[in-house]
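Working notes for the structure below.
There are 2 protein chains.
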Amino acid sequence: MKLLVGVDAGASKTEAVAVKVGGACAFHIAGPANPAVQGVEEASRSISEAILGSLRSLGTSTTPDAVFVGAAGVVSREISEELRVRVAQHVGVDAGRVYVFEDLIAAHASVFLAGDGIVGILGTGSSAYGTYRGATARAGGWGHLLGDEGSAYRVGVAALREVLACLDGLESCSELGIRLARRLGFKSVSEVLRYVYSSPSSKGSVASIAVLVFEEARRGCTGALEIIRNEVRSFSRYVTAISRRLGMERVRVGFVGSLYCYNLDLLKPLLREELTAYLGREVEIVDQVIRPCCGALVAGLAALGATSLEAVVEQLVTCCRYSCPP
Amino acid sequence: MKLLVGVDAGASKTEAVAVKVGGACAFHIAGPANPAVQGVEEASRSISEAILGSLRSLGTSTTPDAVFVGAAGVVSREISEELRVRVAQHVGVDAGRVYVFEDLIAAHASVFLAGDGIVGILGTGSSAYGTYRGATARAGGWGHLLGDEGSAYRVGVAALREVLACLDGLESCSELGIRLARRLGFKSVSEVLRYVYSSPSSKGSVASIAVLVFEEARRGCTGALEIIRNEVRSFSRYVTAISRRLGMERVRVGFVGSLYCYNLDLLKPLLREELTAYLGREVEIVDQVIRPCCGALVAGLAALGATSLEAVVEQLVTCCRYSCPP
Numbered sequence: 001m002k003l004l005v006g007v008d009a010g011a012s013k014t015e016a017v018a019v020k021v022g023g024a025c026a027f028h029i030a031g032p033a034n035p036a037v038q039g040v041e042e043a044s045r046s047i048s049e050a051i052l053g054s055l056r057s058l059g060t061s062t063t064p065d066a067v068f069v070g071a072a073g074v075v076s077r078e079i080s081e082e083l084r085v086r087v088a089q090h091v092g093v094d095a096g097r098v099y100v101f102e103d104l105i106a107a108h109a110s111v112f113l114a115g116d117g118i119v120g121i122l123g124t125g126s127s128a129y130g131t132y133r134g135a136t137a138r139a140g141g142w143g144h145l146l147g148d149e150g151s152a153y154r155v156g157v158a159a160l161r162e163v164l165a166c167l168d169g170l171e172s173c174s175e176l177g178i179r180l181a182r183r184l185g186f187k188s189v190s191e192v193l194r195y196v197y198s199s200p201s202s203k204g205s206v207a208s209i210a211v212l213v214f215e216e217a218r219r220g221c222t223g224a225l226e227i228i229r230n231e232v233r234s235f236s237r238y239v240t241a242i243s244r245r246l247g248m249e250r251v252r253v254g255f256v257g258s259l260y261c262y263n264l265d266l267l268k269p270l271l272r273e274e275l276t277a278y279l280g281r282e283v284e285i286v287d288q289v290i291r292p293c294c295g296a297l298v299a300g301l302a303a304l305g306a307t308s309l310e311a312v313v314e315q316l317v318t319c320c321r322y323s324c325p326p
Numbered sequence: 327m328k329l330l331v332g333v334d335a336g337a338s339k340t341e342a343v344a345v346k347v348g349g350a351c352a353f354h355i356a357g358p359a360n361p362a363v364q365g366v367e368e369a370s371r372s373i374s375e376a377i378l379g380s381l382r383s384l385g386t387s388t389t390p391d392a393v394f395v396g397a398a399g400v401v402s403r404e405i406s407e408e409l410r411v412r413v414a415q416h417v418g419v420d421a422g423r424v425y426v427f428e429d430l431i432a433a434h435a436s437v438f439l440a441g442d443g444i445v446g447i448l449g450t451g452s453s454a455y456g457t458y459r460g461a462t463a464r465a466g467g468w469g470h471l472l473g474d475e476g477s478a479y480r481v482g483v484a485a486l487r488e489v490l491a492c493l494d495g496l497e498s499c500s501e502l503g504i505r506l507a508r509r510l511g512f513k514s515v516s517e518v519l520r521y522v523y524s525s526p527s528s529k530g531s532v533a534s535i536a537v538l539v540f541e542e543a544r545r546g547c548t549g550a551l552e553i554i555r556n557e558v559r560s561f562s563r564y565v566t567a568i569s570r571r572l573g574m575e576r577v578r579v580g581f582v583g584s585l586y587c588y589n590l591d592l593l594k595p596l597l598r599e600e601l602t603a604y605l606g607r608e609v610e611i612v613d614q615v616i617r618p619c620c621g622a623l624v625a626g627l628a629a630l631g632a633t634s635l636e637a638v639v640e641q642l643v644t645c646c647r648y649s650c651p652p
C-alpha cells in the first residue's frame, strides 16, 4: 500500500490526511460530518471533500489504496455501511477500500498508536475506550440525558443549576452561582431556561459555560473546583471499569478532547488523583501524540494487520505530531 | 356572570368545564394543547373544541360570559396573547372575555380554591407555586435538562443510570439495576441509549420507567426507595424556598400530578418527612379537591375579584370533586 488516507469526522469539522508511504503527508479540513446529526448524505459529502482535498494537497491524482474513516455518530452497522458506500462513490474508489469505524478508535490510536491503553474523551460529551492484549472494552458514552460525566456539557449543567438556585432564591445559592449569573448576564430563571431550551444548539450552549467554571476554579473559587472534581470522579468510574474488565496489570491512560486540552493544568492532576484513588495504584497518564485523522490511519492499518505499520507510524509521528495547545 | 367556562390545557389532553352559575356543570375532553409542543394554532383548536364541547354538553347555545384557560407551555406573554385571540375567534366570543394563564395557577386553585398555600406539581416534570396574603412565588420548573426534581422523568433517569451501570460493568451496579434491566429487557448499553435517544417522545419514554421504580420500592427494594427519597428531598428545596420567600407562618402544601396521584402511598409520607426536616416544623398536607379545569375557573374568577366567587366555588366543589384514584 503506497497511498493511504485517514479521516477524523466529527460534529464540528472533518480532517483528512493523505500519506504517500515513505514520502509526504498532506492535510485538508472540511465541514461537519456526524451522520447522527447532519444525516448520512451530508456527512459522506464532507468526508469525501476532506479526502479529495488532502489528495489534491499532496499533488496526486492516484486512487488511494485504503481510506480509513473514524467517525462520530456511527451508532449502527447500517449507518457505517451506508457511509462507507457513499464515500467510496463520491471519492471514486472501490468500496472495499473504504473502512469506517468509531471516532473512539481513532482517538485511541492518536494516543497509543498501535499499543494498549485506555483513552478518555473529554469534549462536549464524554466516553472511554480501552484495548489490552487483543481485547477491547468501552464504558460511558451515555449521552447528555443519562451520562457525559466529566464533559463540558455536564460541567455546564452543574454551573447553570448553581445560577438557577440563586435566581430561584434557594438556600443552596452559592458564591459561584452569584458570580456566574452576573458574568452571564442572567437576571431571572426564565432567562436561563430560554437560553437552554430555546437554543438551536442547546448542547453547545450549555457546554460553552464550562469555560467560565474553569476560569472561576483558577481564581480559587472552591465551588467551581468542586464541580470539576465531581465530574472527574464520576468519569473515573468508567476508566476503572475498563481497566478491571480488561485485567490490565499496568494502567496507561490518555485523554483527548477540547475540554481536556484547554484545561490540562486543572484536569491532569485531578484525573491522576481520582484514578489512583479508584484503582488503588499509580496510573500512567500518556499524552496524545498524533492528530486524530492520523490515528484513524494507524488504527485501520493495525486492524488490517498491515506489514508496513511500523514504518507508517514512524512517518506519521513526524508529520502528524499533535499536542494540546500550550 | 351566568355562564362560565374553565379549561385545563396540557400536553396530553384538554379538559373543559362549562358552568351555569347556580345551575348545572358539564365537561368535555379534547386533544393535547401545549403551545410549546403542538404549536399555538393546534393548541388553540384543541382548547376551542373542549370549550364548545362542554357548552354543547350543557345544552346551551349562549355565549359564555368568561372563559378561563390554565395552559401548560405558556412560556411568554406573546404566546398567551396569541392563544387568547385565537381561542376567542374559534369559539366566537369577544377576546376580552378570554383569560389565559399558566396551568400552575389552575393547579393551585384545584387544591386551595381561592385560599393560600403552596402547590407542588409532580408529573412528568415538576414545579412549585405558592400564594400568601396577596403575594405569589414560584420555584423549580427548570425542565428536564436542569431540574424536574421529584418528577417521573427524573426518577426514570436515575433508574436508567442504575441499569446502565450494570450493563457497563461498573462497580456501582446494584440489585435494582439488575432487576430493572431484566424487567425492561435491556441486554446492552446501546439498547438503552437507542430507547432514550431514538424515541420520538424521549421524555415520555424515560418517565414511563418511574412506574417500575415505585413497584420495586413497594417490594422493599432499598435502592428504588433511595431514588425516590432523593428526588423528594431535592424537590422539597423548592417548596421550602417558596414558604420562606412568602414568609408563611403556617405551611399548607398540596400536590397534584400523575406521579403523585398514583403513588400517594409512598410519596405523601416521604414528602411530609422531608418537608418537616427542611422547614423545621410540621407542614399540613392538603388534598386536591376539584378538577384542574374547575381550578382554572376559580383562579380566574378570584383574579377578577368576582362577587359571585363563593357561590361558584361551592357549586364547583360539588360537581368537580376530584381526588387521586384509590
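Taken in sequence, the protein lines are chains V and F. Using our numbering, the letters of the first sequence correspond one by one to residues 1 to 326. Using our numbering, the letters of the second sequence correspond one by one to residues 327 to 652. The beta-carbon is built from N, C-alpha and C at its ideal position, and this holds for glycine as well.
Restricting to Cα atoms, I'd like to know which of the options is closest to residue i.
i                  : options                                    : result
Glu-557 of chain F : F:Gly-606, F:Ala-337, F:Gly-456, F:Ser-477 : F:Ser-477
Glu-608 of chain F : F:Ile-616, F:Gln-614, F:Leu-597, F:Pro-618 : F:Leu-597
Leu-4 of chain V   : V:Val-298, V:Gly-305, V:Gly-143, V:Arg-233 : V:Val-298
Ser-516 of chain F : V:Gly-6, V:Thr-318, V:Ser-174, V:Leu-146   : V:Leu-146
Pro-618 of chain F : F:Leu-593, F:Ser-514, F:Arg-647            : F:Arg-647
Ala-66 of chain V  : V:Lys-2, V:Glu-310, V:Gly-220, V:Ala-159   : V:Lys-2
Ala-369 of chain F : F:Ala-337, F:Leu-593, F:Arg-505            : F:Ala-337
Leu-113 of chain V : V:Leu-184, V:Asp-265, V:Val-253            : V:Val-253
Asp-429 of chain F : F:Arg-412, F:Gly-583, F:Leu-642            : F:Gly-583
Asp-591 of chain F : F:Glu-636, F:Ala-543, F:Arg-570            : F:Ala-543
So residue i is in the beta strand (DSSP E); what residue range does that whole segment cover?
i                  : result
Tyr-132 of chain V : 126 to 132
Gly-466 of chain F : 461 to 466
Ile-118 of chain V : 117 to 122
Ala-352 of chain F : 351 to 356
Arg-578 of chain F : 578 to 582
Val-17 of chain V  : 14 to 20
Val-206 of chain V : Careful: Val-206 of chain V lies outside any beta strand (DSSP E), inside the alpha helix (DSSP H) at 202 to 208.
How big is the Cα-Cα spacing for residue i and residue j?
i                  : j                  : result
Gly-466 of chain F : Tyr-564 of chain F : 6 angstroms
Val-401 of chain F : Leu-259 of chain V : 33 angstroms
Leu-164 of chain V : Gln-614 of chain F : 29 angstroms
Tyr-458 of chain F : Ser-387 of chain F : 39 angstroms
Ile-143 of chain V : Arg-508 of chain F : Looking at the sequence provided, one finds Gly at residue 143 of chain V rather than Ile. Rounded to the nearest angstrom, the two C-alpha atoms are 22 angstroms apart.
Phe-394 of chain F : Ile-616 of chain F : 15 angstroms
Val-437 of chain F : Val-366 of chain F : 28 angstroms
Glu-488 of chain F : Asn-589 of chain F : 21 angstroms
Leu-384 of chain F : Lys-346 of chain F : 8 angstroms
Glu-541 of chain F : Thr-318 of chain V : 60 angstroms
Phe-561 of chain F : Val-638 of chain F : 33 angstroms
Ile-535 of chain F : Phe-581 of chain F : 21 angstroms
Arg-219 of chain V : Pro-32 of chain V  : 35 angstroms
Ala-706 of chain F : Ser-500 of chain F : The structure shown does not extend to residue 706 of chain F, since chain F spans only 327 to 652, so no value can be given for it.
His-354 of chain F : Thr-389 of chain F : 17 angstroms
His-434 of chain F : Glu-575 of chain F : 19 angstroms
Leu-456 of chain F : Lys-187 of chain V : The identity of residue 456 of chain F in the sequence shown is Gly, whereas the question assumes Leu. Their Cα atoms are separated by approximately 21 angstroms.
Lys-594 of chain F : Ile-431 of chain F : 22 angstroms
Cys-294 of chain V : Gly-482 of chain F : 41 angstroms
How far does the alpha helix (DSSP H) with residue i in it reach, from first residue to last?
i                  : result
Glu-282 of chain V : It is not in any alpha helix (DSSP H) - Glu-282 of chain V carries neither H nor E in the DSSP assignment.
Thr-240 of chain V : 222 to 245
Tyr-381 of chain F : Reading the sequence as shown, one finds Leu at residue 381 of chain F and not Tyr. From DSSP, the alpha helix (DSSP H) with Leu-381 of chain F extends over 366 to 383.
Val-100 of chain V : Where Val-100 of chain V is concerned, there is no enclosing alpha helix (DSSP H), although the beta strand (DSSP E) it sits in stretches over 98 to 102.
Leu-316 of chain V : 309 to 319
Val-615 of chain F : Here Val-615 of chain F belongs to no alpha helix (DSSP H), and DSSP marks it neither H nor E.
Val-522 of chain F : 515 to 523
Ala-507 of chain F : 501 to 510
Val-481 of chain F : 478 to 493
- Message: For the structure I just gave you, are there three or more beta carbon pairs, one from the region 10 to 17 of chain V and one from the region 47 to 65 of chain V, closer than 8 angstroms?
- Response: yes
- Query: Got a sec: which bits of the region 375 to 391 of chain F sit with their beta carbon under 8 angstroms from any beta carbon on chain V, in order along the chain?
  - Reply: none
- Just checking, does the region 404 to 421 of chain F make contact with the region 360 to 379 of chain F on the three C-beta pairs under 8 angstroms criterion? yes
- Would you be able to state if there are at least three C-beta pairs under 8 angstroms between the region 445 to 459 of chain F and the region 405 to 414 of chain F? no
- Query: Okay, do the region 153 to 170 of chain V and the region 262 to 278 of chain V touch, 3+ Cβ pairs below 8 angstroms being the bar?
  - Reply: no
- Query: Is there contact here, the region 520 to 530 of chain F with the region 564 to 579 of chain F, by at least three beta-carbon pairs under 8 angstroms?
  - Reply: no
- Any residues in the region 163 to 197 of chain V with a beta carbon nearer than 9 angstroms to a beta carbon of chain F? Which ones, in chain order? Leu-164, Ala-165, Asp-168, Gly-169, Leu-170, Glu-171, Ser-172, Val-189, Ser-190, Val-192, Leu-193, Arg-194, Val-196, Tyr-197
- Contacting positions in the region 241 to 275 of chain V - beta carbon closer than 7 angstroms to chain F: Ala-241, Arg-245
- Listed in chain order, which residues of the region 136 to 152 of chain V have Cβ atoms closer than 9 angstroms to some Cβ of chain F? Ala-137, Arg-138, Ala-139, Gly-140, Gly-141, Trp-142, Gly-143, His-144, Leu-145, Leu-146, Gly-147
- Message: So, does the region 421 to 432 of chain F touch the region 544 to 552 of chain F, judging by three or more C-beta pairs under 8 angstroms?
- Response: no
- What residues from the region 329 to 340 of chain F come within 7 angstroms of chain V, judged by C-beta to C-beta, listed N to C? none
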